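In our numbering, the protein residues as written are 1 to 299. Glycine included, every Cβ here is placed at the ideal spot set by N, Cα and C. Remember, predicted model here, so these are calculated numbers, not experimental data. Have a look at the structure below, then the notes.
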């Protein structure tokens, strides 16, 4: 979510740099920030303090950081292309009910060959910070049902098993499979596409056996210049000594770099996006006062 869907990575850096400057320390460089991205809060905090060597207690640093974040996180904005991407993926619910047209343009009662794209949110942000960043963006995040949101402090993830371990993505997949309509075939990891901006996140996705889109900050991309293929294969060693059979191979085609999420190539990944006009079709949803009721999964 951070740095992929929202512009929070630069906001994180701005908050941290305020405290570093106050304590006469150098500003946060990208070679350190790259190690913090995507990791659970406790892991990122430990790595940060090992580098920063601040002259203040850790709890004082955290108090100051939290105060700055409470001020700035409610100003977060979606990154370019994100609103359209999420809206398009959410609109694929249309295919659940759209009859398949025959050669004469009539319907034969069969379901459309196009399929709904099921999506889940997997973020290392803890619940309190997630609320600060997203409460003013409820429409944007409405495509993620509550039962398909996996946050960094989710108790179903064992301590020490955050990114670059694959657990968060495997749990996100489980939330989807546990909530599929009756009779729908469970989704396998190989059928999943992970969107990530961080290097530990790419490794987590690859170790989960999933395809990955890497859409990093320009500063991170510069930091890993010449190592892009290692990143895409999940072979940067972010998890330390692991069985390399758990990750990908160089140039195996299961991961791809994108500079942004504008004009995402849906067809390349087998996704059929309905036209915008389908949102007005009566069997999709109906307006009840000011409340929009999604009729897709109604019995």
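Suppose you measure from the CA of residue 172 to the CA of residue 149; what does that come to, to the nearest Å? Straight across, the Cα-Cα distance linking residue 172 with residue 149 is about 7 angstroms.
Rounded to whole angstroms, what's the CA-CA distance from residue 269 to residue 251? Just pull it up for me. Taking the straight line from one Cα to the other gives about 17 angstroms.
Give the straight-line distance between the Cα atoms of residue 11 and residue 193, rounded to the nearest whole angstrom.
-> Going by the C-alpha atoms only, they are around 27 angstroms apart.
Coarse secondary structure for residue 267, derived from DSSP in three states: Residue 267: helix per DSSP, three-state reduction.
- Message: Which of the three DSSP states is assigned to residue 260 in this structure?
- Response: Three-state result, residue 260: coil.
Judging by CA-CA distance, which residue of 177, 34, 135 is the nearest neighbour of residue 191? Nearest C-alpha to residue 191: 177.
Original post:
Whose C-beta lies closer than 7 angstroms to the C-beta of residue 130 among residues of the same chain, with five residues either side of it excluded?
Top reply: Excluding residues within five positions, the ones whose Cβ falls inside 7 angstroms are 123, 151.
query = Expressed to the nearest angstrom, what Euclidean distance is found between the alpha-carbon atoms of residue 264 and residue 87?
reply = Taking the straight line from one Cα to the other gives about 12 angstroms.
Just to confirm before moving on: does the CB-CB distance between residue 68 and residue 7 stay below 8 angstroms? It is not a contact, given that the beta carbons lie outside the stated cut-off.
Exercise. With DSSP as the reference, label residue 2 as helix, strand or coil.
Key: In the displayed model, residue 2 falls within a strand according to three-state DSSP.
message = For a test of the three-state rule: what should DSSP assign to residue 121, helix, strand or coil?
response = DSSP places residue 121 in strand when its eight states are reduced to three.
> Would a C-beta distance cut-off of 8 angstroms place residue 261 and residue 82 closer than the cut-off?
Replying inline: Yes, the pair counts as a contact, with Cβ atoms nearer than the cut-off.
**Report entry** Whether residue 36 touches residue 47 by CB criterion (8 angstroms)
**Finding:** Pairing residue 36 with residue 47 gives a Cβ-Cβ distance under 8 angstroms.
Exercise for the section: Measure how close the beta-carbons of residue 310 and residue 159 come, nearest whole angstrom, since I'm counting them as under 8 angstroms. Expected result: The question about residue 310 has no answer, for the chain in this structure spans 1 to 299.
With a threshold of 7 angstroms on Cβ separation, who are the neighbours of residue 147 within its own chain once the five nearest residues in sequence on each side are excluded? Close CB contacts of residue 147 within its chain, under the 7 angstroms cut and outside five residues either way in sequence, are with 175, 179 (chain order).
Checklist line | Coarse secondary structure for residue 193, derived from DSSP in three states | finding: Secondary structure at residue 193: strand, using DSSP grouped into helix, strand and coil.
* Give me the Cα-Cα distance between residue 303 and residue 182, rounded to the nearest whole angstrom. => In this structure the chain extends from 1 to 299, so residue 303 is not present and cannot be described.
Quiz prompt | Straight-line gap, residue 9 to residue 15 (C-alpha atoms, nearest Å) | solution = The C-alpha of residue 9 lies about 10 angstroms from the C-alpha of residue 15.
Q. Quick one: Cα of residue 221 to Cα of residue 169, how far?
A. Each residue's alpha carbon lies about 23 angstroms from the other.
* To do: Could you round the C-beta distance between residue 206 and residue 234 to whole angstroms and report it? I think they count as a contact, below 8 angstroms.
  => With 8 angstroms as the limit, residue 206 and residue 234 qualify as a contact, their Cβ atoms being about 3 angstroms apart.
Check: Just curious, the alpha helix (DSSP H) that residue 72 is in, first and last residue?
Finding: It spans 58-72 - the alpha helix (DSSP H) in which residue 72 sits, taken as one unbroken run.
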